[in-house]
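Down below is the structure, laid out as structure tokens.
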Amino acid sequence: MKSPIDIEGWTDGRILEHLQDFARGKYRVLEIGVWKGRSTIAMAQSITGVIYAIDHFLGSPGERETNHREAVSDPLGVYLDFLANIKEYGVGDKVIPMMVESHKVQFYLRCWSLLKPAGVMCGDDFGWKGVKEAVVEFFIERKHGQPMTFVDDKMWVVKKHN
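Numbering (our numbering), first residue to last: 7 to 168.
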């Protein structure tokens with residue numbers, strides 16, 4: 007199986023392995039923030055069902071002047087790169103891309119209902135204030151999910167148990 011580590015992105019190989027472990031054997035995974043698909047593909051290679059890949063493909067606001075210029079000038083191009091990558095890695099039948107208009111984390115978290123018990127929801131950018139506030143509110147204050155796991159200081163994972 008071809009490793010997606012060569013796809014442009016920020017998730018290192020160790021984190022990809024952890025995400026694959028969380029996703030292994032699951033029927034549904036929901037990933038918030040997929041960029042060009044590095045982590046999406048890693049998890050899709052481990053699941054038995056589908057992964058919902060949600061993003062607006064515009065990059066993060068604070069990085070648009072540096073790392074995400076490509077997304078600002080051509081967001082459709084980033085999305086097309088994502089689609090090409092999932093096809094190249096042979097996981098197109100397992101990935102359901104969801105291009106959304108905004109990067110409102112609360113919208114993404116409402117997608118929790120797409121998951122069945124034993125499904126996994128994960129996302130990146132926990133260090134960003136808005137992301138952290140929304141994730142904490144949804145999973146801790148409202149008690150919608152089970153305990154949250156952090157793969158590193160930015161990547162969070164929640165398994166749905168009920």
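Here a beta-carbon is modelled for each residue, glycine too, at the ideal position from N, C-alpha and C.
In this text the structure is predicted, and so the values were computed from the model without any measurement.
- Rounded to whole angstroms, lysine 135 and phenylalanine 113 show a C-alpha spacing of 16 Å.
- For threonine 17, the three-state secondary structure derived from DSSP is coil.
- The residue from Glu143, Asp159, Lys165 with its alpha-carbon nearest to that of proline 153 is Lys165.
- In the structure shown, valine 40 falls within a coil segment according to DSSP collapsed to helix, strand and coil.
- A contact between stretches requires three or more CB pairs, one per stretch, nearer than 8 Å, and the region 116-136 meets this requirement with the region 36-45.
- In the three-state scheme derived from DSSP, where H, G and I count as helix and E and B as strand, methionine 104 is classed as strand.
- DSSP links threonine 155 through a beta bridge to Val163.
- For the set Val142, Phe132, Pro123, Val137, the Cα lying nearest the Cα of arginine 34 is the one of Pro123.
- Rounded to whole angstroms, the separation of the alpha carbons of aspartate 12 and valine 142 is 32 Å.
- With contacts defined by Cβ atoms closer than 9 Å, isoleucine 60 and lysine 100 do not form a contacting pair.
- Restricting attention to Leu64, Gly125, Asp130, the CA atom closest to the CA of histidine 167 is found in Gly125.
- A check of alpha carbon separations from methionine 49 across Ala90, Val137, Gly83, Gly129 identifies Gly129 as the nearest.
- Inclusion of isoleucine 21 and valine 137 in the CB contact set at 9 Å is not warranted, their separation being larger than that value.
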